[in-house]
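Trainee:
Number of protein chains: 2
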Amino acid sequence: MLNPATRNPLTEEDLYPLFARELCRQELNKTDAWIEIPGPVREMYKYYRSTPLVRAYGLEEALGTPAHIYFKNESVSPIGSHKINSALPQAYYCKQEGVTHVTTETGAGQWGAALSYAAKVFGLEAAVYQVKISYEQKPYRRSVMRVFGAQVMPSPSMSTRAGKDVLTAHPNHQGSLGTAISEAVELARMTPGCKYTLGSVMNHVTLHQTVIGLEAEKQMKLAGEYPDIVVACFGGGSNFGGIAFPFMRHNIHDGRTTRFVAAEPASCPKLTHGRFMYDYGDEAGYTPLLPMFSLGHKFTPANIHAGGLRYHGAGVIASQLLKDGLMEAVDVGQLESFEAGCLFARAEGIIPAPESCHAIAATIREAVKCKESGVAKVILFNLSGHGLIDMSSYDKYLAGDLINHSIGENEIVSNFDGI
Amino acid sequence: MLNPATRNPLTEEDLYPLFARELCRQELNKTDAWIEIPGPVREMYKYYRSTPLVRAYGLEEALGTPAHIYFKNESVSPIGSHKINSALPQAYYCKQEGVTHVTTETGAGQWGAALSYAAKVFGLEAAVYQVKISYEQKPYRRSVMRVFGAQVMPSPSMSTRAGKDVLTAHPNHQGSLGTAISEAVELARMTPGCKYTLGSVMNHVTLHQTVIGLEAEKQMKLAGEYPDIVVACFGGGSNFGGIAFPFMRHNIHDGRTTRFVAAEPASCPKLTHGRFMYDYGDEAGYTPLLPMFSLGHKFTPANIHAGGLRYHGAGVIASQLLKDGLMEAVDVGQLESFEAGCLFARAEGIIPAPESCHAIAATIREAVKCKESGVAKVILFNLSGHGLIDMSSYDKYLAGDLINHSIGENEIVSNFDGI
C-alpha cells in the first residue's frame, strides 16, 4: 500500500489520522500469524457466537445433488449479519484510545447497523453515511441504525466537500460505497475525537472476520468432514476472507487442495473483469493507494439490490491470492442470485441477504456439477446475513421487475485512473 | 369448550372438519402429562433449537438493577419468532393425514410466515389471511410469506362470506384476528383436502410451545439459577404458556413460588379488563365456545403495531389459571412498550418485535422494583421474536407519531354477546 501523497510505502503513522492505532498496527502487521481477540470483545461475541454450522439437507434434496452442502450461519447475530464481528473490536479499540465518535459508510446498511450497535455497546457516538440508493430502497435499515442511536445521512450529502463535489457534477447521483467512504473519511479527518471505521476491504477488518472460519474449521471437524470447496460472496472481501483464510492455510501448510470461490455480482465484477493495479479505496481519492483488483475508483455500479457488493475494488490480500491462483472468482447475475435465494429460503427456511444469494448461486453451480459428475464433494459457504430487511428486493424479483446488469470493458477502462 | 350448535361439551369429532385429527386429540387430551414430539419435527427443530438463554447484562446495567434478568431468545429461529415451534408439528400432522392444503390467519405476520415455511417443508400448499392493517403496515411480512410460496390475502376479503359480511357492514374495516380466523375457518370447511391451523389460543398450539420452557428449565439449571418471575407477552397465550407452564408445574408439585406475569397491550386488555365467559374465538362465531377471559368476539382492537396481540380472547388454560390466581396479568401502553424495546435494543443489540416489547416493559417494571427494594430477583422473559420487519413502527415511535390507546368499560360491554 502506498501513501497517496508521497507514493512511498504506507506506514502505520500514515493511518493514524483515520483509524485507532491498534487497528493501524493490525493493518500493516506482517509478523504475527495470530492476534488475540481482546477480552471485552470476546465477552460480546458470547452473545451470539459460535454461530451454527448447518448441513443444508433441504437444499441438497431440492437440487438432487450428492454434494454435502454446509453453511455457516452468520445471520443469527444480533444485527443479522457477520458485520458485527468487526464492528465490536473496532469500536472497542477506539474507546480504549479515548475516541468519542466513530463514523463510517454503509451500502445495504448491514455494516452501518453493526457499527451503530457496537458504538452503543462501548459508549461512542456514531455517524453513518449510507449510499443514497440503499437509504431509499431499504428504509428499514436506517431505522435499525436510528434505534441504536446513530445519526444516518444519505450519501452523497451536502455535509462534506466530497459529497458536494459529486452532487455538483451529478445532482441526481444515487451514491456508491466509494463516495460514502470519502464522506466518512473527510468527517473523521475534520472532527477531533472522531475516527473512521470500515466494514470490509482492509486487512484488519478481514482479520476480525476470521473468527468465522476458525469456528467453521472446528465445527466441520465435529461433523467429520473437510470442505473441498469454500464459497462466499465478495464485496470488499471480509466475509470471504473470514471464512476462507483459516482453511486456506491448510492448503499451504498441510497439503489440502480445497478450492476457494468468491462470488461477485456481474454488475460489479472487479475480480473477474477488473484489473490488478494501484487504486484508491474511495471515489474522491482520500485513501491510501491499494494494490488490488479494481474497476477504477470512479466506477459507479448499477443499482443492484445487493448493495453490500457495489464496490469497485477488492481487499489487497484477496487480490494477491487471486493473482497467484490460490483462489477463484465467479460473477453472478442479479436474477440468478435471487432465484438461488428463493430456492434456499424454501428449502432451508432462512431468507438470505441479497449479497449472500451470490454465494448460494455459486454453491448451487458447484452442487449441480456434482450431480452431473456423481462426485459427492463437500461444499461450505458463508451465509453472511439474512434478507429480512431486504424484502422489497424479493418483492420486485417475484413480480418480475428485476433485471440483470452487466458492464462492458469500455466502461471499466474509462473509469480507471489509478496509477 | 362447547359445540356452538348443540352447546354440548366439545368432542374430538366436532373438531375434525377443522384440524388434523392428531391435533384434535391433543386439544382435548386430559390424561397425558407428556406428549412426544414426532421424530421428523425434532429433526426440523434441530435447525434452530435449542435457542439461547441469554443473561441480559446490558439491560441490567442500563437499569442499575440488582435483578438477574434472563431472556429466552426465540428470535433466532429461521422465521424470527417462536411461531415456527407450532407451525412445524401442525404441518407435519396434516401431511401425515393426507391433507394437501393448509390455511390460517395472521396478524403481524409472524404466524403466517411460520406456517408458510412449515407447509413448504412438508410439501403442503398454504393460504394465509392477513389482518388488513398489518398487511398494509408491514408489507415485508407478506413478502416473506410469498418467498416461501404461500398465497396471502388481506382480511377482510371478498373471498369468504365472513369477509364479505364485514365489508358490507364496514367497507373500510381494518381487519382483526377474529375476522381473519373466520375467513380461514370458512375456507378450510369449504375446501376438500384443506385444514385450518392456528397460531395461538388453542391448547395444542400452546403444547407445542412448551418446548421453550422445557429448554429454559434445563438452561437455567446450567446457569445455576431458578426464576422468581417468568414474563411473556400475551396475545392468545401460546408464547406465554410455552415458557410459563413448564415452570408452573414446579409451583404446584415442588413448592416453588415463581410468579408468572402475562403482559398484554392496554388497548386489548382481555386479562386485566375482560370478563371470564363463554365466547367465540372468531368474529363470525364459527369456532367452538371457549370458557375464557374475553373482550367480546366482536371487539375490534385499536391499530397498535403489536399486531400479534390484537386478539379479543385468551386461551382457556391461561384463562382458568388467571381465574384461579396461579398467574398474573398487567397491561402496557404502546409508548411504554416501544420505550422498553428501544432500551433493550441499545443494551442487548436485538431489536425486539413490538409484541415482545410488552414482555420487556413488564420485566423492566419488575427490575425497577428490585432496584427500589434492593432484592436481587431472578427474572426470565421470553423474547418471542425480533422486530426487523417492524421497523416502520419504530420509525413512527422515534418520530413521536405513536399514541397510547386504551379502552373504556362501556366499549367492552357493548361488544360482548357471548353466552
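For the protein sequence lines, the chains are A and B, in the order given. Residue numbers for the first sequence follow the working numbering, so the first one is 238 and each next one is one higher. Residue numbers for the second sequence follow the working numbering, so the first one is 238 and each next one is one higher. Don't be surprised by glycine CBs; every beta carbon is placed ideally from N, CA and C.
In this structure, how does DSSP classify Y329/A when only helix, strand and coil are distinguished?
Mentor: helix
Trainee: Taking 7 Å as the cut-off, decide whether the C-beta atoms of L239/A and L526/A are in contact.
Mentor: Result yes, Cβ atoms of L239/A and L526/A sit closer than 7 Å.
Trainee: Could you spell out where the alpha helix (DSSP H) holding H542/B opens and where it closes?
Mentor: It is not in any alpha helix (DSSP H) - H542/B carries neither H nor E in the DSSP assignment.
Trainee: Measuring CB atoms only, is the stretch 587-607 of chain B touching the stretch 336-347 of chain B, in the sense that at least three cross pairs come out at less than 8 Å?
Mentor: Taking 8 Å as the limit for Cβ pairs, the verdict is that the stretch 336-347 of chain B does touch the stretch 587-607 of chain B.
Trainee: Can you tell me the Cα-Cα spacing of S651/B and R496/B, whole angstroms?
Mentor: Summary for S651/B: the model assigns pLDDT 49, below 50, so the residue's position carries little reliability; its value from the coordinates is reported in the next sentence. C-alpha separation (whole angstroms): 33 Å.
Trainee: For K357/A, count neighbouring C-beta atoms within 10 Å of its own C-beta (all shown protein chains included) and say buried if the count is 16 or more, exposed if not.
Mentor: buried
Trainee: Candidates F482/A, G301/A, Y433/A, E311/A: which alpha carbon is nearest T447/A's?
Mentor: Looking from the CA of T447/A, the closest CA among F482/A, G301/A, Y433/A, E311/A belongs to F482/A.
Trainee: Kindly indicate which residue of A324/B, E565/B, F513/B has the alpha-carbon position closest to the one of H441/B.
Mentor: A324/B
Trainee: Listing by chain order, which chain B residues have their CB less than 8 Å from the CB of I588/A?
Mentor: Ordered by position in chain B, the residues that pass the 8 Å Cβ test against I588/A are V381, V384.
Trainee: Around the Cβ of D465/B, are there at least 16 other Cβ atoms within 10 angstroms (buried) or fewer (exposed)?
Mentor: buried
Trainee: Assign L508/A to buried or exposed, taking buried as 16 or more other Cβ atoms, counted over all protein chains shown, within 10 Å of its Cβ.
Mentor: buried
Trainee: What is the rounded straight-line gap between the Cα of A406/B and the Cα of E576/B?
Mentor: 37 Å
Trainee: For the alpha helix (DSSP H) containing K357/B, list its first residue and its last residue.
Mentor: Here the alpha helix (DSSP H) through K357/B covers 347-358.
Trainee: By a C-beta neighbour count over all protein chains shown, 10 Å radius and 16 as the cutoff for buried, is N476/B buried or exposed?
Mentor: N476/B comes out buried.
Trainee: Quick one: give me the first and last residue of the alpha helix (DSSP H) that N488/B is part of.
Mentor: 475-490
Trainee: In angstroms, rounded to a whole number, what distance separates the CA positions of A270/A and E565/A?
Mentor: When rounded, the distance between both Cα atoms is 23 Å.
Trainee: I need the boundaries of the beta strand (DSSP E) containing I588/B, first residue and last residue.
Mentor: First-last for I588/B: undefined, no H or E at that position.
Trainee: Please report the straight-line C-alpha distance between D638/B and S531/B, rounded to a whole angstrom.
Mentor: 29 Å
Trainee: Using 7 Å as the threshold, is the C-beta distance between C261/B and H338/B below it?
Mentor: no
Trainee: Using the rule of at least 16 other Cβ atoms within 10 Å of the residue's Cβ for burial, across every protein chain shown, is P408/B buried or exposed?
Mentor: exposed
Trainee: Examine the Cβ distances between the stretch 304-313 of chain A and the stretch 395-402 of chain A and report whether three or more of them are shorter than 8 Å.
Mentor: no
Trainee: When the Cα atoms are used, what is the spatial distance from A425/B to A363/B?
Mentor: One C-alpha to the other measures close to 11 Å.
Trainee: Note down, in chain order, each residue of its chain lying with its Cβ closer than 6 Å to the Cβ of E462/A, except the 5 sequence neighbours on either side.
Mentor: V615
Trainee: Runs of 3 residues minimum, wholly inside the stretch 495-539 of chain A: which ones carry the beta strand (DSSP E) assignment?
Mentor: 496-502, 512-517, 526-531
Trainee: Specify whether the stretch 613-627 of chain B and the stretch 509-528 of chain B touch according to this definition: at least 3 beta carbon pairs, one from each stretch, less than 8 Å apart.
Mentor: no
Trainee: Since N641/B contacts A503/B with CB under 8 Å, what's their CB separation in whole angstroms?
Mentor: 7 Å
Trainee: Does M439/A pass the burial test, meaning 16 or more other C-beta atoms within 10 Å, or should it be called exposed?
Mentor: buried
Trainee: Just mark I370/B as buried or exposed, buried being the case when its beta carbon has 16 or more other beta carbons within 10 Å.
Mentor: buried
Trainee: Give me whichever residues DSSP pairs with D568/B in a beta bridge.
Mentor: E501/B
Trainee: Between the stretch 577-606 of chain A and chain B, which residues of the former have CB atoms less than 9 Å from a CB of the latter, in chain order?
Mentor: G578, C579, A582, R583, A584, E585, G586, I587, I588
Trainee: Might you give, ordered along the chain, the residues of its own chain that have their beta carbon closer than 6 Å to the beta carbon of Q456/A, omitting 5 neighbours on each side?
Mentor: L290
Trainee: Suppose the cutoff is 6 Å on Cβ atoms and the five residues either side in sequence are ignored; what does the same chain contact list for H445/B look like?
Mentor: N322, S323, P326
Trainee: Spatial neighbours of E259/B within its chain, please: C-beta separation below 8 Å, excluding the five flanking residues on both sides.
Mentor: Correct list, in chain order: Y330, Q333, E334.
Trainee: If you draw a straight line from the C-alpha of A453/A to the C-alpha of A350/B, how long is it?
Mentor: 29 Å
Trainee: Among H623/A, F308/A, R244/A, whose alpha-carbon lies nearest the alpha-carbon of Y460/A?
Mentor: The displayed chain sequence assigns Ala, not Tyr, to residue 460/A. Comparing Cα-Cα distances from A460/A to each of H623/A, F308/A, R244/A, the minimum goes to F308/A.
Trainee: Does the beta carbon of K357/B sit closer than 7 Å to a beta carbon anywhere in chain A?
Mentor: yes
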